[in-house]
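Novice:
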Amino acid sequence: MALSFAGWLAYREQQGAAESYLVQARRGALAAAEDGNPDAMITLSTILAWEGDPKSAESWIRRTQQRTPLLMPDWRIVRAEAGRGGLQTLAVSKSTEERLADGQLAHVMEGLWPLDCQYCGFSLGMGVPALRVFEHPWGATASLYHLGMCRYPEWTDNDGTPRDSSLGIFKLIGPSEPRLTWTASAAHTPQITLDDMSPVLMLVNPGVECVALARSEDGQWRMAPFFWHQQHGMMTADHALNTVPGTATVARRRLTGKMGFEEWSSDISRDMKRLIKRQGGLLLVITSGLAPGEPSAAVLNMALSAPDAVAGWIPVSADERGRTSRWRSRP
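Per numbering that gives the first Met the number 0, the sequence shown runs over residues 0 to 330.
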């Protein structure tokens, strides 16, 4: 309850009061945990993970398990393999791990970036975030939250509005307004070809704190493109490329791409600007693998190799003809 109240204060934009309350909660939990209270041990471990000290958090969880095995929380802290991008630590529920196919949790962690909590909107900082998966009629979304303070790890089909899910009504990110952070970058590389030309790429991560999941025929869940991007005709690699219902505009050295209700922008060079106008459009690539920050060859490779990467041609003019090429990423 203490952590939840701090999260409510943060959601109400009372960040100072939330931080003060957390300090008091930590002090009280530490005193009670050292006296052997198992509930306080779990609370303390959660606070320590939230603060970015997973090693100490796991130590208190082990002490709880030794003292009261039946009181163990239904989640654990998972660490990424060495050398992988995205999240390095994540609090994941047992129900989520049971639903994900083998190896998918690593892909999910690689496609998530700890910027803003999807409940209160404040920075996730250096703490261990909680993964909350919301299952809806078209798939599922996995999003990041402050651990304990705003959400505990879980897999749910209820976003907090009673029985809305039974009517096919849902909100993307729980009961608060969506707070996703997008990032975009323009690039031109011979690694990507369309027949005999090398187009300008507009790489977009539409929500760095969220990835989409889809249920496979075997009943398990895997990372997938967002369903509304697929509805617009975005395709995975080595599939026929579509002209999608979007537009690209260039004003001075600024590129803006629009598709449906989404809009992204990025700086471009003069050479890329001329190439976009000469070729009549650009290749839009939507991927969870695009990291926030400065682009590089490594970032580009990660973005193009993400399991949910999809692409579509967007013209600079409404009468641009569709393309039937296949987009290829050269090794």
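Every residue gets a Cβ at the ideal spot worked out from N, C-alpha and C, and that includes glycine. Because the structure is a prediction, the values reported are computed rather than measured.
According to DSSP, is Glu-333 helix, strand or coil?
Specialist: Because the chain in this structure spans residues 0 to 330, residue 333 falls outside the shown range and cannot be described.
Novice: Since Gly-311 sits in a beta bridge, which residues does DSSP pair it with?
Specialist: Leu-283
Novice: In the DSSP assignment, what residue or residues form a beta bridge with Trp-112?
Specialist: The partner list for Trp-112 (beta bridge, DSSP) is empty, contrary to what the question assumes.
Novice: Would you say Thr-155 reaches chain D, if we count a Cβ-Cβ gap shorter than 7 angstroms as a contact?
Specialist: Among the protein chains of the structure shown there is no chain D, as only one such chain exists.
Novice: Cys-209 bridges to which residues according to DSSP?
Specialist: Ser-142
Novice: Find out if the Cβ-Cβ distance for the pair Leu-202, Ser-215 is shorter than 7 angstroms.
Specialist: No, Cβ-Cβ distance for Leu-202 and Ser-215 is not below 7 angstroms.
Novice: Output the distance between the C-alpha atoms of Lys-170 and Trp-137, rounded to the nearest integer angstrom.
Specialist: With a pLDDT of 32 at Lys-170, under the threshold of 50, the predicted position of this residue should be treated as unreliable, and no value is reported.
Novice: Taking C-alpha atoms, which residue in Arg-178, Cys-119 and Trp-220 lies nearest to Cys-149?
Specialist: For the residues Arg-178, Cys-119 and Trp-220, the minimum Cα distance to Cys-149 belongs to Cys-119.
Novice: Compute the Euclidean distance between the alpha carbons of Val-199 and Gly-292, then round it to the nearest angstrom.
Specialist: 19 angstroms
Novice: Should Gly-232 and Gly-280 be called a contact, given that it needs their Cβ atoms to be closer than 7 angstroms?
Specialist: Contact: no.
Novice: Tell me the rounded alpha-carbon separation between Trp-49 and Lys-257.
Specialist: 36 angstroms
Novice: Is the stretch 222-236 in contact with the stretch 296-313, if contact means three or more CB pairs nearer than 8 angstroms?
Specialist: yes
Novice: Should Ala-247 and Ile-313 be called a contact, given that it needs their Cβ atoms to be closer than 7 angstroms?
Specialist: yes
Novice: CB-CB under 6 angstroms to Ala-302, same chain, minus the five flanking residues each way: which ones, in chain order?
Specialist: Leu-202, Thr-286, Gly-288 and Leu-289
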